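One structure is given here, and the rest of the page talks about it.
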């Protein structure tokens, strides 16, 4: 199997890096074509990839190429892709990735262009509206297949969420340390109130802001609210905490995989986690504490583990699962092409 992965930020690509390793472990090829979006601090992580990068060209906040004309870039990507079986697009919500399939054209022998889910909540309708930009679409788990219309569902592949294979389970004693993982949610008064209220109840809270939205919370630094080190990868950082609070972030999946009690506030699509039974009724400290103390029940983890399998694939073997699913989808491309031509 020969694959190219694309992305304009590191966090989206990180979802699939264990799959890249799995492909190589099985004597395949997995290279990267990158479009670092310089307005997002997270793009710096793409530069840490020192090998397997066959193309890298930066884009600005409006997704325009900074140094080279877009037509030349897409022509180069089309040329490079000729020797590959598939292009996996890790951040195909906006930007140049949505133009790759058109640049390649409909040659008899061409790679399958596969879009990939990049967050727990997605604007699923947008993917369907952009269906001409990819042949197939890969999701984290079978639970997400039904997010799409019946007409589009035939193009959706459950691949699992391979990055969770890297998460260790937390085993240290509890010290009531809380990591409050933020997205672009506000207002600041609500965040500060939660931090202060949790502190009054004996919890030691630190904030971790979203890489792309750190400036939203700058004013909280002067109010004494503490922030965790943003340069430490989340999968390493959460192991130092006993609890996690967040909204609709995929970070909740990482925390649950690490066996860390997690409370979801009903903001930024946090209600999407209702099936896990961990969404607070409101933004009050009492509601958040109620969710966190519910983890003291011996019945909660088996139910959460079942949901994790539905949403992210089999624990400990997600990269292998993704490889098998991907290989199966690529085995008979002519069948897929005939199917897609009828949609």
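Residue numbers (the numbering used here): 1244 to 1586. Don't be surprised by glycine CBs; every beta carbon is placed ideally from N, CA and C. In this text, all values refer to a predicted model and were calculated from it rather than measured experimentally.
Minimum C-alpha distance to residue i - residue among the options
i            : options                : result
residue 1518 : 1554, 1451, 1441, 1437 : 1554
residue 1435 : 1480, 1419, 1468       : 1468
residue 1572 : 1296, 1400, 1499, 1345 : 1400
residue 1511 : 1364, 1504, 1476, 1377 : 1364
residue 1348 : 1371, 1318, 1385       : 1318
residue 1325 : 1341, 1312, 1271, 1350 : 1350
residue 1501 : 1491, 1449, 1559, 1254 : 1559
residue 1566 : 1493, 1259, 1476       : 1259
residue 1493 : 1533, 1504, 1466, 1383 : 1383
residue 1267 : 1255, 1253, 1247       : 1247
residue 1439 : 1551, 1251, 1421       : 1421
residue 1513 : 1353, 1490, 1574       : 1490
residue 1419 : 1446, 1271, 1297       : 1446
residue 1253 : 1504, 1477, 1515       : 1477
residue 1520 : 1535, 1529, 1527, 1568 : 1535
residue 1417 : 1545, 1574, 1487, 1312 : 1487
residue 1311 : 1448, 1299, 1322       : 1299
residue 1353 : 1342, 1330, 1293       : 1330
residue 1273 : 1308, 1282, 1327, 1432 : 1327
residue 1563 : 1255, 1263, 1395       : 1263
residue 1313 : 1471, 1343, 1527, 1396 : 1343
residue 1427 : 1453, 1412, 1414       : 1453
residue 1444 : 1568, 1527, 1471       : 1527
residue 1270 : 1479, 1370, 1432, 1244 : 1244
residue 1410 : 1480, 1251, 1545       : 1480
residue 1441 : 1533, 1574, 1251       : 1533
Whole-angstrom C-beta distance between residue j and residue i, which should lie under 8 Å
i            : j            : result
residue 1287 : residue 1404 : Contact doesn't hold; Cβ gap of about 23 Å is too wide.
residue 1277 : residue 1249 : 7 Å
residue 1284 : residue 1301 : About 13 Å separates the two Cβ atoms, so there is no contact after all.
residue 1359 : residue 1376 : That belief does not hold up - the Cβ atoms of residue 1359 and residue 1376 are roughly 12 Å apart, past 8 Å.
residue 1316 : residue 1339 : 7 Å
residue 1597 : residue 1507 : Residue 1597 falls outside the range modelled here, since the chain spans only 1244 to 1586, and no answer is possible.
residue 1361 : residue 1333 : 6 Å
residue 1320 : residue 1346 : 6 Å
residue 1450 : residue 1425 : 6 Å
residue 1261 : residue 1406 : 6 Å
residue 1504 : residue 1522 : At roughly 13 Å, the Cβ-Cβ gap does not stay under 8 Å, so residue 1504 and residue 1522 are not in contact.
residue 1380 : residue 1398 : 6 Å
residue 1543 : residue 1537 : 6 Å
residue 1337 : residue 1306 : 6 Å
residue 1265 : residue 1282 : Between residue 1282 and residue 1265 the Cβ distance is about 32 Å, and since that is not below 8 Å, they are no contact.
residue 1374 : residue 1387 : With 8 Å as the limit, residue 1374 and residue 1387 do not qualify as a contact, their Cβ atoms being about 16 Å apart.
For residue i, the residue or residues it bridges with in DSSP
i            : result
residue 1505 : 1487
residue 1599 : Past the edges of the chain, shown from 1244 to 1586, lies residue 1599, and the structure says nothing about it.
residue 1355 : 1329
residue 1534 : Answer by DSSP bridge pairing: none, since residue 1534 is not bridged.
Limits of the beta strand (DSSP E) - the one that residue i falls within
i            : result
residue 1527 : Element bounds for residue 1527: n/a, residue is neither H nor E.
residue 1589 : The shown model of the chain, from 1244 to 1586, leaves out residue 1589, and the question about it has no answer.
residue 1245 : 1245 to 1250
residue 1399 : 1399 to 1401
Unbroken alpha helix (DSSP H) run spanning residue i, endpoints
i            : result
residue 1557 : Neither: residue 1557 is in no alpha helix (DSSP H) and is coded neither H nor E.
Minimum Cβ-Cβ distance from residue i to chain D less than 9 Å
i            : result
residue 1288 : Chain labels in this structure do not include chain D; a single protein chain is all it has.
What beta strand (DSSP E) runs, 3 residues minimum, are completely inside the stretch 1429 to 1503? 1447 to 1451, 1486 to 1489
Could you tell me which uninterrupted beta strand (DSSP E) segments, each at least 3 residues in length, are contained entirely in the stretch 1258 to 1343, listed from first to last along the chain? 1272 to 1277, 1296 to 1299, 1329 to 1332
Runs of alpha helix (DSSP H) wholly within the stretch 1368 to 1392 (minimum 4 residues, chain order): none
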